[in-house]
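Counting from 76, one number per residue, gives the positions in the sequence shown under the working numbering. In what follows, a single structure is set out as C-alpha cells and then discussed.
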Amino acid sequence: MTIILSSKNKDQLLFEGFRYRRDRSVWRCIKDKCKGRARFDENIYEVYKNHTCQAPNPEEIEKAVYNYEIRKKAENSHDPPRIIIQKARLKLSSDAAAVIPQYLASQRSVQRIRKDNDIPKEPTSFSEIVIPLKFQLTTSN
C-alpha cells in the first residue's frame, strides 16, 4: 500500500496490484467503467467492490512509481536527467523495464518539470550566484 501523486498532482493509492484515485471518501479504480473500490477503515485499507477490469498488473504499478520518482527528484534536485533516470531504472524489475517510457521521453519530462517550476540552473561560477536583498542585510551592522 503506497500513496503517490499522479501527473495532475492528485493522490493515487497503489493497493493489491491496482491503482485507485480518490473519489470523495472512497478510493476508485482508475480504469474507466471498473467498479473496483477501496476504503480506509481505521488503520487499514480494504477492497469492498470487486474489479471488473483485467487482473492486477504489477508492471503498471512499477511504471507509476517510476514516473512519480522521476517527477519528485526533478523538482527537488539539480542532478542531471541521466542520473535521475538511471537511479529510478535500477529499482525496476526486468518485466517492468520493458513497459517504461524510453530514455528520451523521460529526459523531456524532467526538462518540462524543471521549466514549469522555474528551477534555476546550478551556478558554475561565483558571478552567477544571486543573493536576495533580504539576506544581504544584517541586524548588527
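For every residue, glycine included, the Cβ atom is placed at its ideal position computed from N, Cα and C. These figures come from a predicted structure and were not determined experimentally.
Query - Paired residues, beta bridge with A171 - DSSP - result: Looking up residue 171 in the sequence shown gives position 96. In the DSSP output, where bridge partners are listed per residue, A171 has none listed.
**Report entry** Any non-hydrogen atom of the ligand MN closer than 8 angstroms to D170 Cβ
**Finding:** Absence of the ligand MN from the depicted structure is noted, as is the absence of any ligand whatsoever, leaving it without description.
**Report entry** Alpha carbon of I188 to alpha carbon of P156, nearest angstrom
**Finding:** Looking up residue 188 in the sequence shown gives position 113. Looking up residue 156 in the sequence shown gives position 81. Each residue's alpha carbon lies about 11 angstroms from the other.
**Report entry** Neighbourhood of D170 by C-beta, 6 angstroms cutoff - its chain only, sequence neighbours within 5 removed
**Finding:** Stepping through the sequence shown from its first residue, residue 170 is reached at position 95. Answer for D170: E134, listed in chain order.
Report task. Note down the Cα distance separating A163 from Q177, rounded to an integer number of angstroms. Result -> Translated into the one-based positions of the sequence shown, residue 163 becomes position 88. Translated into the one-based positions of the sequence shown, residue 177 becomes position 102. Approximately 13 angstroms between the Cα atoms of the pair.
Query - Coarse secondary structure for R157, derived from DSSP in three states - result: Working through the sequence shown from its first residue, we reach residue 157 at position 82. Helix.
Query raised in the report: How about I145 and I158: are their beta carbons less than 9 angstroms apart?
Result: The count along the sequence shown starts at 1 and reaches residue 145 at position 70. The count along the sequence shown starts at 1 and reaches residue 158 at position 83. Contact: no.
Query raised in the report: Are the CB atoms of R99 and D86 nearer to each other than 9 angstroms?
Result: In the sequence shown, residue 99 corresponds to position 24, counting from 1. In the sequence shown, residue 86 corresponds to position 11, counting from 1. No, they are not a contact pair.
Requested in this report: Could you tell me if N142 is buried or exposed, where buried requires 16 or more neighbouring beta carbons within 10 angstroms of its beta carbon?
Outcome: As a first step, residue 142 is located in the sequence shown; it is residue number 67 there, counting from the start. Buried, because 16 or more other Cβ atoms sit within 10 Å of the Cβ of N142.
Query - Own chain, CB closer than 8 angstroms to A172, minus 5 neighbours either side, in chain order - result: By 1-based counting over the sequence shown, the position of residue 172 is 97. Closer than 8 angstroms at Cβ, skipping near neighbours: R164.
Requested in this report: Drop a sphere of 10 angstroms on the beta-carbon of I119, count the other beta-carbons inside from all chains shown, and report buried for 16 or more, exposed for fewer.
Outcome: The residue labelled residue 119 in the question sits at position 44 within the sequence shown. By the neighbour-count rule (16 or more Cβ atoms within 10 Å), I119 is not buried but exposed.
Query raised in the report: Where does the unbroken beta strand (DSSP E) through K166 begin, and where does it stop?
Result: Position 91 of the sequence shown, counted from the start, is the residue given in the question as residue 166. Per DSSP, K166 belongs to no beta strand (DSSP E) and is neither H nor E.
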